[in-house]
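Numbers in my numbering are just positions in the sequence shown, counted from 1, shifted up by 71.
Quick reminder that beta carbons are idealized off the backbone N, C-alpha and C, glycines included.
Computed from a prediction, not measured in an experiment: that's the story for all the values here.
Take a look at the structure below.
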Amino acid sequence: MLPISDEDLMRIALGEAEQAMQTGDVPVGAIVVNEAGNVIGTGRNRREIDRDPTGHAEIVAMRAAAARLGSWRLHGATLIVTLEPCVMCAGALVNARIERVVYGCDDPKAGALRSLYLIGEDPRLNHRYVVTPGVLAGECARMLSAFFAALRSSPST
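Here is the structure:
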């Protein structure tokens, strides 16, 4: 069996993002896979549905993976997420000891892995991770753009 590709994994994360959009949350999805490429945690934005400011897809996916493993240390794991992580999530990735992060589209307003900061590569921190940007970036960006376009065109409530 061939190893699963970053693109295939991103498609799973895009499925999570689609589910977030259906509940009124910003469509961001994430998964955590172990060294063998098996999904050990999934997540999608849940800020609106849970009324939780920390309900970002990355945090939800890491919590699920940690619960499954019985450890907060996610050594050897990869997080795949549709949007470049923010500062909060990038810091949580350091604390979880994630090995690698794969993300879809850049976030020029809040991205903390390339756009505004390089948190995963900062030598002052106790852990660093490899970053692979731009996987299915167009698909990820289109989903976000469509969501925000629909939000702007809907009447205020």
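C-beta contact flag for residue i and residue j at 7 Å
i, j, result
"D178", "S186", "yes"
"A84", "A101", "yes"
"L189", "V165", "no"
"C157", "A128", "no"
"M81", "I151", "yes"
"R134", "I111", "no"
"V173", "V206", "yes"
"I169", "L145", "yes"
Through-space distance from residue j to residue i, alpha-carbon basis
i, j, result
"G147", "V104", "9 Å"
"C160", "P226", "32 Å"
"H198", "T94", "34 Å"
"T113", "A136", "8 Å"
"Q90", "P98", "7 Å"
"G86", "F219", "18 Å"
"S76", "N109", "12 Å"
"P204", "P74", "19 Å"
"R118", "G191", "24 Å"
"A208", "E155", "10 Å"
"S142", "K180", "32 Å"
Residue i burial status per 10 Å Cβ neighbour count (16 or more: buried)
i, result
"A153", "According to the sequence shown, residue 153 is Thr rather than Ala. So T153 counts as buried."
"M72", "Because M72 carries a pLDDT of 42, less than 50, the predicted location of this residue cannot be relied on, and the following value inherits that uncertainty. Exposed is the call here."
"V201", "exposed"
"A217", "exposed"
"N116", "buried"
"D123", "exposed"
"T149", "buried"
"E78", "exposed"
Assumed close pair residue i, residue j - CB separation to whole angstroms, cut-off 8 Å
i, j, result
"A212", "C176", "4 Å"
"A88", "M214", "6 Å"
Hey, which unbroken runs of the beta strand (DSSP E) at 3 residues or more fall wholly within the region 146 to 210? The qualifying runs are 149 to 154, 171 to 176 and 201 to 203.
List in chain order: all unbroken alpha helix (DSSP H) runs of 4+ residues lying wholly within the region 93 to 140. Listed in chain order, they are 118 to 121 and 128 to 140.
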